[in-house]
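All remarks here apply to the structure that follows.
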Amino acid sequence: MADIRTRFAPSPTGYLHLGSARTALYSWAYARRHGGACVLRIEDTDRARSTLESERALLSGLAWLGLDWDEGPVRQSEHGERHAEVVEQLLERGAAYRCSCSREELEERRSQTLAQGRSWVYDGRCRERNLSADCGPHTVRLRLDLDSHLGWDDLVYGESGQAACEIGDMNIRRSDGHPLYNLAVVVDDSDMRISHVIRGADHLGNTAFQIAIYRALELEPPRFAHVPLIVGASGKKLSKRRDPVSVEQFRDDGYLADALLNWLVRIGWSHGDQEVFSRDEICALFDLETVNRASAQADPGKLDWLNQHYLKQLPAGELLEQLLPFLTEVAGAEVKPTPELAALAQLLCERSSTLRDMAGRAAFAVVETPERDSKAEKKFLKPTALPILEALVQRLRRVDPWDEAQLEAAFEDVRAAQGDIGMGKLAQPVRVAVTGSSASPGIYETPAAPRPGSTRRSAYWAPSAAWRASRPPPTASASPASNPRAARVVARPAPTRFRRMARLASRPATGVDRPGLAPASGSAGSPALSSPPAGGLRSLRFGK
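Numbering (numbering that gives the first Met the number 0), first residue to last: 0 to 543.
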């Protein structure tokens, strides 16, 4: 197919909307498949709403998606003289006329017509008045052949169109002398030799009038393809109050550009049962013939699945590069790349659907005390787990080298010593203590994950008997007789919440570094490991 030229023509009045991004993708892919060109045109004729900030947001979103353009961006406002020239040509040929009807007069006649149960189109009051340029404030209307049919063969919807009498003589120039959208878009598409206009189905109502303008200018219209709108899970049109609709929001939520493109191209288009498409495959396979006519539903679950797929395909270095901004946000300070972090990111791919999700799961490696899932803490960090974890701490002191094989042996020794307890009774408390979550990489991989920036390789935690012994007794005002709630507290055989456990590997094994914290029983004088691994088990907080 020769001389294919498409265009993407957004209005710079806000962020890059998900639907607009899909239109851009379809226009780009169609041109790439057929060896054509794709033009980026900024339609900024709405002077009241168009802003440079919105234009920058559009360009930033397109750049992040990786959609490149053969021409542009060009701005519609730069072609004002050309638009005015075309309007004058139409007036000279009698294909357009001046209308002096004021907005108030038009509204009054419209209200009267609707009150009679009839639909309103402009009634042609000025159609034959032959008003000159000095008639006072006026607009310019296109003179339609009211007996004609304004039809086209849509590449998605098939035969489409509307009777001219149902449209009436619509304006093509405002009273302030600026052209209206329909006139400007026809002139620009014609001058840019656009062969295919691919846009959302919400533009179907404009197309019949644009066909009329092409006819008045004696120009061949391009082929039109109107793609169905994207709807949410409820079947309703996407709403920024209810649904994520900004491309920037998806980027900030940790989705990869390749995953979002793959997801977008599949919303309303298919190629057999294939779900995963590379950029090259999109360019090679996309065609308008297989775009569905029905409204296309956006499935967030499919996007998560695709994003995880693409995360797992990234090389370790590139994955970490993408993850670092999210880790920095979690840590509250710059996080620098290390081989250990790259290895941890690879481990987390199987359990993370987004980069933000992954950063949350990796928080234990970049923050002093990770935020813990309250439900997981309540379920697994119970007082009954304390003696088991104490035994594990003591056994971990003898682990050398600090690797998965040695950690597995340590865990198995503790399980056996504790009466062959189930792995879950040991593994889940460790997971919550170390990562803050009950879901993590393998239980031996997790403690082995080094902490970036650590100068010592192992960090152990132990309960503080000194803190327990130092708790003050209940006051008289909190006696069982005066306070039933206090009675329940006093009746407990042991406190149910302990302070943060001491990190013993990165400081001398004896002494107390802060009130309420003391070395674990039997730890005094214990030598540090000669070459301990970094990070690992650092702190523990028990909950009810």
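We put the CB at the ideal spot given by N, CA and C, even for glycine.
Best match in S437, E411, L395, S294 for proximity to K235 [C-alpha to C-alpha]: If you compare the alpha carbons of S437, E411, L395, S294 with that of K235, the shortest gap goes to S294.
Three-state secondary structure assigned by DSSP to L385: Under the three-state reduction of DSSP, L385 is assigned to helix.
Same chain only: Cβ atoms within 6 Å of L305, ignoring 5 sequence neighbours per side: Excluding positions up to five away in sequence, the list reads A258, N261, W262.
Span of the beta strand (DSSP E) around R371: First-last for R371: undefined, no H or E at that position.
Rounded separation between R415 and L391 - CA only: As written in the sequence, residue 415 is Ala, which differs from the Arg given in the question. Rounded to the nearest angstrom, the two C-alpha atoms are 11 Å apart.
Secondary structure, beta strand (DSSP E): runs of 3+ residues fully inside the region 127-211: Those beta strand (DSSP E) runs which fall completely within the region 127-211 and span 3+ residues are 138-141, 148-153, 157-162, 170-172, 195-199.
A30, buried or exposed, once every other Cβ within 10 Å from all chains shown has been counted against 16: Burial state of A30 is buried, judged by a 10 Å Cβ sphere holding 16 or more other Cβ atoms.
The region 208-227 in contact with the region 282-296 per 3-pair CB rule at 8 Å: Yes, the region 208-227 is in contact with the region 282-296.
Residue span of the alpha helix (DSSP H) that contains L259, given as start and end: Start and end: 256-264.
Three-way DSSP call (helix, strand, coil) for C125 in this model: Of the three classes helix, strand and coil, the one that applies to C125 here is coil, per DSSP.
Cβ-based burial, A297 [other Cβ within 10 Å; buried from 16]: Residue environment: A297 is assigned as buried (16 or more neighbouring CB atoms within 10 Å of its CB, all protein chains considered).
CA-to-CA distance, H33 to I442, given in whole angstroms: In a straight line, the C-alpha of I442 is about 52 Å away from that of H33.
Burial state of M357 (16 or more Cβ within 10 Å): The residue is buried, with at least 16 neighbouring Cβ atoms inside 10 Å.
Three-state class that DSSP yields for G71 in the structure shown: Three-state DSSP puts G71 in a strand.
Q393 classed as buried or exposed, judged by whether at least 16 other C-beta atoms fall within 10 angstroms: Burial of Q393 is indicated by the presence of at least 16 other C-beta atoms within 10 angstroms of its C-beta.
Sequence-distant residues of its chain with Cβ nearer than 6 Å to G452 (five each side left out): Note that G452 scores a pLDDT of 47, beneath 50, so its modelled location is shaky; the value from the coordinates is reported in the next line. Taken in chain order, the list of residues that qualify is empty.
Start and end residues, alpha helix (DSSP H) containing F249: In the DSSP annotation of this structure, the continuous segment of the alpha helix (DSSP H) that includes F249 starts and ends at 246-251.
Simplified DSSP assignment, three categories, for A83: Here DSSP, grouped into helix, strand and coil, assigns A83 to helix.
V120 vs E70 beta-carbon contact at 8 Å: The criterion of a C-beta distance shorter than 8 Å is not satisfied by V120 and E70.
Limits of the alpha helix (DSSP H) - the one that V329 falls within: Looking at the DSSP string, the run of the alpha helix (DSSP H) that includes V329 is 315-330.
Integer Cβ distance of A94 from L61, believed to fall under 8 Å: About 37 Å separates the two Cβ atoms, so there is no contact after all.
For C37, the residue or residues it bridges with in DSSP: For C37, which the question treats as bridged, DSSP gives the partners T5.
H270 in three-state terms, based on DSSP: DSSP, reduced to helix, strand and coil, places H270 outside both helices and strands of the structure shown, so it counts as coil.
Burial state of I197 (16 or more Cβ within 10 Å): By the neighbour-count rule (16 or more Cβ atoms within 10 Å), I197 is buried.
Exposure of G253, with buried meaning 16 or more beta-carbon neighbours within 10 Å: When all chains shown are included, G253 counts as buried.
Buried or exposed by the 16-neighbour rule on C-beta atoms within 10 Å, applied to M422: Exposed: under 16 other Cβ atoms inside 10 Å.
Complete runs of the beta strand (DSSP E) confined to the region 409-443 [at least 3 residues]: Runs of the beta strand (DSSP E) inside the region 409-443: none found.
Sub-8 Å separation of G271 and R371 beta-carbons: No, the pair does not count as a contact, with Cβ atoms beyond the cut-off.
Straight-line Cα distance separating R117 from A28: If you take the alpha carbons of A28 and R117, they lie about 44 Å apart.
Close beta carbons around D188, own chain, < 8 Å, minus the five adjacent residues each side: Residues R6, V196, P221 of the same chain have their beta carbon placed closer than 8 Å to that of D188, with the five preceding and five following residues left out of the count.
Reduced DSSP category for K311 - H, G, I as helix; E, B as strand; rest coil: Reduced to three states, the DSSP call for K311 is helix.
Cβ-Cβ distance between Y156 and V185 below 8 Å: For the pair Y156 and V185, the CB atoms are not nearer than the 8 Å cut-off.
Same chain only: Cβ atoms within 7 Å of S269, ignoring 5 sequence neighbours per side: Within the same chain, S269 has close Cβ partners T289.
Residue nearest to G123 in terms of C-alpha spacing, selected from L145, C134, P324: Closest by alpha carbon: L145.
V246 vs L58 beta-carbon contact at 8 Å: Cβ atoms of V246 and L58: not closer than 8 Å.
Nearest residue (CA-CA) to A215, options T383, W401, V85: Ranking the options by Cα distance to A215, first place goes to V85.
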